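**Student:**
In UniProt numbering, the protein residues as written are 1 to 612.
See below:
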């Protein structure tokens, strides 16, 4: 990578380079104590085997590794290290890990943990990630803890709950003639469909969620777990690809119109937006999404501020209205409608969701008290009878999948996504784009042809449904569940944004919102970023490009390697085709664009390029 890390990521900190381990046809990347991208003859077998320790808010500890030893020869590799996690209260958990791989297709990852004092955690143990590309809906064999063996399939549509429980081993086909058995010892494992959170994996994890959490690991009581992978068979290895071969762009059939693009506006952002109206106009969003939350003290002043901006920048307007549900629903929502009229705010639509539904209800947990959604929507329809009504979840697809709203009462359904719920490394965030088509397919399967909106969806997390709060990130780290993320200020976010739009384009969304205008989720820089404070971040160009594509007919666009480059194409009524390309990697990538009457180009790390 030759580009300036600050320009790419909004931080000068770079991730540690993985150590490639190999033994015959078996290979894996060793990163921060865990294994990523486990392959056999170039085919990804598992996305990760990771030993994870989480706090009471589901935040992930980053253990410090010591005594690291890596041995590598042609037929085998081994790794050993010690590590420890220290909680805010000073309690400490130490563990010792060994990893062994051999050319016969065997891989063993063993960890013994030693709580030095009582240690509180929501999870302590292995997570195994199966990839989704090529595996979704495919046959697997599951061995349960009672010894029974069941032939089944991985879910094609996203499963809201755990597809498999009480797991001892899972076996799947790597390619014709080759199978992989992943065996788990030391505790009871179950699987969740991580596509719910836009993770590109099925995750098998330790300790059933039906058991209480957080729980305490008693001081001095060791805890040992072992993951064993066995790859067997003589199937033909896939033809090797040439790394330097250009990625090819291909165009296909014309499909649905590309969605309108929104930006979310918070009350505290209005004055900055009013002071930068020319920049807002240059960005060109079709929708202003006004976030209104009475549980945070929003009232008439917030609505008046929204009204000033809506007057100054004429666009479609939607009120994202959190419903407190603290008393009479008709009184609460008619009260909001009265304030809207009093403020002089002209709305095109209102989307409502109970405040309590912003918190997730995991499997085995009691659902919180909440009025029936039918009653919430009926009260909203009565209060806002002359505009469109939307509902769904202001959190993520996970919550919408688990609490399926009565969409027949709505004019559109909406939800958000966030790529840093479980992991915040660069690769995981870009891989999350793979899950988006499964999310949209699952939403259509649930709600049919109901108009469908997604967003606000940003790299950083604006609300934590899984704990007490999002994680403050004043140091600009790569942190899961953080309320800000340095990569939003870099080229990385621009590539992720175009990639996001490309992945959801076939779904025919009505609206897509991937940023705010100002603040940590916005298109304008704050102090200390790669560009000057108040000037457009790199994501500005991506959002502007999406705004210009809005309303054009989507043209199916594929690339020969969608892990490297994604393509988004639209065609105007006059027949002009516009294509945006996004390099999802930290490397230069040659691209063959002969389909567009051009030759080749080389895309620099995380570059976005407009053609046509």
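Virtual Cβ for every residue (Gly too), placed ideally from N, Cα, C.
None of the values given here were measured: they were computed from a predicted structure.
1. If you reduce the DSSP assignment to three classes, tell me which class residue 430 lands in.
2. Closer than 7 Å by C-beta to residue 168: which residues in its own chain qualify, once you throw out the five before and the five after it? Chain order, please.
3. Would you mind sorting residue 28 into buried or exposed? The rule is 16 or more other CB atoms within 10 Å of its CB.
4. Quick one, which of 544, 250, 523 and 347 has its alpha-carbon nearest residue 534's?
5. Return the CA-CA distance between residue 363 and residue 244, expressed in angstroms with no decimal places.
6. Is DSSP giving residue 1 helix, strand or coil here?
7. Note down, one range per segment and in chain order, each beta strand (DSSP E) of at least 3 residues found wholly within the region 294 to 339.
8. Can you tell me whether residue 156 is helix, strand or coil according to DSSP?
9. Rounded to a whole number of angstroms, what is the C-alpha to C-alpha distance between residue 197 and residue 470?
10. If the criterion is Cβ atoms closer than 8 Å, does the pair residue 466 and residue 507 meet it?
11. According to DSSP, is residue 245 helix, strand or coil?
12. Kindly give me the distance between the Cβ atoms of residue 187 and residue 125, rounded to whole angstroms, as I take these residues to be in contact under 8 Å.
13. If distances are taken between C-alpha atoms only, which option among 236, 163 and 180 comes closest to residue 209?
14. Helix, strand or coil, according to DSSP, for residue 197 in the structure here?
15. Below 8 Å on the Cβ atoms is my contact criterion, and I expect residue 513 with residue 263 to pass it. Report the Cβ-Cβ distance as a whole number of Å.
16. Taking residue 289 as the reference, give the member of 278, 270, 276 and 295 with the closest Cα.
17. Taking buried to mean at least 16 other C-beta atoms within 10 Å of its own C-beta, is residue 58 buried or exposed?
18. Does the separation of the CB atoms of residue 611 and residue 581 fall below 8 Å?
19. Residue ranges of each beta strand (DSSP E) run of no fewer than 3 residues wholly in the region 392 to 451, ordered along the chain?
20. Could you check what DSSP says for residue 544 in three-state terms: helix, strand or coil?
21. To the nearest angstrom, how far is the alpha carbon of residue 388 from that of residue 438?
22. So residue 420 and residue 483 are supposed to be a Cβ contact under 8 Å. How far apart are they, rounded?
23. Give me the residue from 106, 131, 94 and 109 with the minimum Cα distance to residue 116.
24. Excluding five sequence neighbours on each side, which residues of the same chain lie with their C-beta closer than 6 Å to the C-beta of residue 607?
25. Round the Cβ separation of residue 48 and residue 129 to the nearest angstrom and send it over; I've been treating them as touching at under 8 Å.
26. Per DSSP, residue 71 forms a beta bridge with which residues?
27. By DSSP, does residue 14 sit in helix, in strand, or in coil?
28. What are the uninterrupted segments assigned as beta strand (DSSP E) that are 3 or more residues long and contained completely in the UniProt domain "D-apionate lactonase C-terminal" (563 to 611), given in chain order?
29. Cβ of residue 325 within 8 Å of Cβ of residue 356?
30. Is it true that the CB of residue 99 sits closer than 8 Å to the CB of residue 114?
31. Helix, strand or coil, according to DSSP, for residue 380 in the structure here?
32. Using DSSP's beta-bridge definition, name the partner residues of residue 172.
33. When you compare the CB positions of residue 353 and residue 416, do they come within less than 8 Å of one another, or not?
34. Would you report the Cα separation of residue 455 and residue 414, rounded to the nearest angstrom?
35. Mind reading off the beta-carbon distance from residue 568 to residue 502? Whole number of angstroms is fine, and I expect it under 8 Å.
36. Sort out for me which residues DSSP pairs residue 473 with in a bridge.
**Tutor:** This is what the structure holds:
1. helix
2. Answer for residue 168: 143, 144, 145, 183 and 184, listed in chain order.
3. So residue 28 counts as buried.
4. 523
5. 46 Å
6. In this prediction, residue 1 scores a pLDDT of 45, lower than 50, which makes its location untrustworthy; no coordinate-derived value is stated.
7. 316 to 323
8. The DSSP-derived three-state label of residue 156 is coil.
9. 16 Å
10. Contact: no.
11. coil
12. Yes, they are in contact, since the Cβ atoms of residue 187 and residue 125 sit about 6 Å apart, within 8 Å.
13. 163
14. helix
15. 7 Å
16. Ranking the options by Cα distance to residue 289, first place goes to 270.
17. buried
18. yes
19. 412 to 416
20. helix
21. 27 Å
22. Between residue 483 and residue 420 the Cβ distance is about 10 Å, and since that is not below 8 Å, they are no contact.
23. 94
24. 583
25. 4 Å
26. 78
27. coil
28. Listed in chain order, the complete beta strand (DSSP E) runs (minimum 3 residues) inside the UniProt domain "D-apionate lactonase C-terminal" (563 to 611) are 565 to 571, 577 to 583, 589 to 592, 600 to 603 and 608 to 611.
29. yes
30. no
31. helix
32. Paired residue(s): 140 and 180.
33. No; because the gap between Cβ atoms is not below 8 Å, this pair is not in contact.
34. Rounded to whole angstroms, residue 455 to residue 414 spans 7 Å at the Cα level.
35. 4 Å
36. DSSP, once it has assigned bridges, lists no residue as partnering residue 473.
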